[in-house]
Amino acid sequence: MFWLRSILFYSLLALIALFISAIGSANDGLIFAVSLLGVATVYHLINLNRLNTWLKKPDINTVPSSFMLWQDVFDQLYEQIRTQQKSKDRLANTLDRFLSAAEALPDGVVILDEYDRIEWCNPASQIHLGLNRKTDSGQQITNLLRHPALREYLKEQDFSHPVTLRTMRPQEQVLSVQMVPFDSTRKLLLSRDITQLDRVQTVHRDFVANVSHELRTPLTVVGGFIETMIDLPDIDQKTRDQHMQLMYEQTQRMQRLVDDLLTLSRLENGQQLKEEEVDIPQMMQLLRIEAEGLSQGRHSISIAAIDRQRLIGNHDELHSALGNLVSNAVRYTPAGGSISLAWQKRGDEVCFIVKDTGIGIAPEHVPRLTERFYRVDRGRSRSTGGTGLGLAIVKHILNRHQATMAVESRLGEGTEFAVKFPAPRILE
């Protein structure tokens with residue numbers, strides 16, 4: 001369109017020159033044509049200069065304006081610049097959204113060049129890998145992460161699977177790291193914190209191993225006696241009765257273990273807590289009677305103090321948890337010892353307290369008492385009928401009631417378990 005207008009413009013000038021030549025002299029037409037050509041040349045030179053000046057510092061707000069043919073040029077230039085600006089703004093917005101998304105990712109993202117030098121990293125990668133986006137840009141990743149497993153991973157160039165790194169900064173952490181090439185030269189180094197998952201898997205493995213171990217012994221005993229009775233059908237009645245009694249004890253042990261496992265599973269599944277008013281003096285008396293039945297007169301059992309209060313909670317669960325603490329006190333207190341129960345205020349909290357004069361617990365064992373299958377003395381625990389799950393069940397029940405447990409103990413002097421209930425659960 002521009003060239004067509006230019007041809008028409010100059011054709012018009014030529015026709016005017018010819019017309020003047022026709023009505024006047026030839027010299028007049030030539031002079032007119034040369035004058036018009038000079039004016040047109042100056043006009044084009046001026047607009048070319050304006051265009052050249054603008055191209056040195058292009059800005060959509062300073063696009064030149066003119067008239068006639070050059071106005072069309074500047075209008076088209078303005079439209080192209082505006083279209084490019086819109087496209088540039090869209091790309092900038094897309095890039096900003098991408099960077100914002102990458103910044104918000106819980107997984108670490110590090111962009112590496114062909115020489116494994118850092119070009120960019122997000123905040124999660126700085127936490128996972130200890131990087132600093134400002135100071136570490138341009139540094140080789142292996143110079144900053146001196147981990148043998150990562151060096152071997154990058155050396156092998158097999159990025160089809162992640163590598164697991166265990167770090168100690170700022171604390172023990174397990175990371176899953178994988179390299180992902182995304183063009184001919186650049187790569188993404190992705191990191192994910194799997195510390196909690198690793199702990200869960202470890203707990204699961206230990207749990208399966210412990211359950212298998214706990215069941216193996218009674219099953220071996222029962223299986224051995226059954227095999228003996230099959231091989232010796234004429235065994236005397238006294239021996240048979242002894243074998244039957246031992247098999248019964250072992251099956252009871254397995255039954256207790258299964259019951260505790262089911263209880264623990266139910267508590268961990270987070271079933272809704274059915275709450276009611278719990279009569280504390282009545283429960284304390286019930287716990288004392290049960291303790292006396294378990295003790296069979298071997299201990300002095302007393303209730304030191306009861307503030308007449310009621311508690312909001314689940315009666316059966318609280319009875320199970322507090323009863324477990326009381327039964328442990330009976331089991332681990334030698335004959336002639338004493339056990340006292342109390343329900344009293346300590347500062348702003350109300351506590352259920354079980355205190356005994358038993359064998360005590362060494363300080364290094366106290367933090368692990370509520371772990372599943374953890375036993376201070378495995379042989380003694382089994383001999384007293386424990387499954388190793390009692391305090392784990394207690395912990396879950398107390399958590400459901402927003403309660404905490406404190407343990408104070410001295411070897412050979414005794415132990416005190418204090419269960420602290422929050423004030424909102426206490427009814428005066």
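Sequential numbering from 1 applies to the sequence shown in full-length UniProt numbering.
Note that the Cβ used here is the ideal one computed from N, Cα and C, for glycine as well.
Checklist entry - Of the residues Leu-105, Arg-298, Arg-410, Tyr-153, which one's Cα is nearest the Cα of Gly-360? => result Arg-410
Checklist entry - Name the DSSP bridge partner or partners of Ile-111? => result Trp-120, Leu-188
Next on the checklist: Considering Cα atoms alone, identify which of Arg-186, His-128, Ile-306 is closest to Ile-194.
Outcome noted: His-128
Checklist entry - Going by C-alpha distance, which of Arg-117, Ile-60, Gln-139, Thr-167 is nearest Ala-149? => result Thr-167
Checklist entry - Taking Cβ positions, are Ile-397 and Glu-290 nearer each other than 7 Å? => result no
Checklist entry - Quick one: what does DSSP say Arg-288 is sitting in, helix, strand or coil? => result helix
Next on the checklist: Restricting to Cα atoms, I'd like to know which of Arg-372, Ser-320, Lys-155, Phe-98 is closest to Val-211.
Outcome noted: Arg-372
Checklist entry - Among residues of its own chain, excluding the 5 on either side of Ser-302, which ones have a beta-carbon nearer than 6 Å to its beta-carbon? => result Ser-340
Checklist entry - So the beta strand (DSSP E) Asp-279 belongs to, where does it begin and stop? => result 276-279
Checklist entry - Apart from the five residues on each side of it in sequence, which residues of its chain come closer than 8 Å, Cβ to Cβ, to Glu-268? => result His-396
Item to check | Residue ranges of each beta strand (DSSP E) within the region 284-343, 3 or longer | outcome: 300-306, 310-313
Item to check | Contacting residues, own chain, Cβ-Cβ under 8 Å from Thr-333 (five flanking each side not counted) | outcome: His-299, Ile-339, Asp-356, Thr-357, Gly-358, Ile-359, Gly-414
Checklist entry - Leaving out the 5 sequence neighbours to the left and right, which residues in its chain are closer than 8 Å to Ile-60 when beta-carbon positions are compared? => result Tyr-78, Ile-81, Arg-82, Gln-85
Item to check | Simplified DSSP state of Asp-348, which is helix, strand or coil | outcome: coil
Next on the checklist: Could you give the first and the last residue of the continuous beta strand (DSSP E) run that contains Arg-410?
Outcome noted: 404-410
Checklist entry - Ordered along the chain, which non-local residues of its own chain (more than five positions away) have a Cβ less than 6 Å from that of Ala-418? => result Cys-351, Ile-353, Ala-406
Item to check | CA nearest to the CA of Thr-164, picked from Leu-154, Leu-264, Gln-178, Lys-155 | outcome: Gln-178
Next on the checklist: Quick check: the Cα distance between Phe-98 and Ser-87, rounded to an integer number of angstroms?
Outcome noted: 16 Å
Checklist entry - Can you name, in chain order, every residue of its own chain whose Cβ lies under 6 Å from the Cβ of Glu-292, other than the five neighbours on each side? => result Ile-301
Item to check | Given Leu-389 as reference, the closest of Gln-126, Asn-314, Ala-335, Arg-256 once Cα atoms are compared | outcome: Arg-256
Checklist entry - What whole-angstrom Cβ distance do Leu-112 and Arg-186 have, given they're in contact under 8 Å? => result 7 Å
Checklist entry - How long is the line joining the alpha carbons of Gln-245 and Val-222, rounded to whole angstroms? => result 10 Å
Checklist entry - Who are the Cβ neighbours of residue 434 in its own chain at under 6 Å, not counting the five residues just before and after it? => result What the structure shows of the chain is the stretch from 1 to 428, and residue 434 is not part of that stretch, so it cannot be assessed.
Next on the checklist: Please return the same chain residues whose Cβ sits closer than 6 Å to the Cβ of Tyr-374, not counting the five positions on each side in sequence.
Outcome noted: Arg-368
Checklist entry - Between which two residues does the beta strand (DSSP E) harbouring Pro-181 extend? => result 173-181
Checklist entry - Just the Cα atoms here: how many angstroms apart are Glu-114 and Cys-121? => result 16 Å
Checklist entry - Excluding the five sequence neighbours on either side, which residues of its own chain have a C-beta within less than 6 Å of the C-beta of Ala-423, listed in chain order? => result none
Checklist entry - Going by DSSP, what residues sit across from Arg-166 in a beta bridge? => result Val-174
Item to check | Exposure of Gly-38, with buried meaning 16 or more beta-carbon neighbours within 10 Å | outcome: exposed
Next on the checklist: As a quick exercise: from Val-330, Gly-336, Leu-322, Lys-345, pick the residue whose alpha carbon is nearest that of Gln-309.
Outcome noted: Lys-345
Next on the checklist: Along the chain, where does the alpha helix (DSSP H) containing Ala-102 start, and where does it finish?
Outcome noted: 69-104
Item to check | Alpha-carbon spacing of Arg-366 relative to Ala-392, whole angstroms | outcome: It should be pointed out that residue 366 corresponds to Val in this sequence rather than to Arg. Whole-angstrom Cα-Cα distance: 13 Å.
Checklist entry - From Leu-294 to Asp-259, what distance separates their C-alpha atoms? => result 19 Å
Next on the checklist: Cutting at 6 Å between CB atoms, please list the residues of its own chain near Asp-116, excluding the five before and the five after it.
Outcome noted: Gln-140, Ile-141
Checklist entry - When you compare each of Asn-324, Leu-273, Trp-343 to Ala-304 by their alpha carbons, which one comes out closest? => result Trp-343
Next on the checklist: Check this for me: beta carbons of Val-174 and Asp-198, under 7 Å apart or not?
Outcome noted: yes
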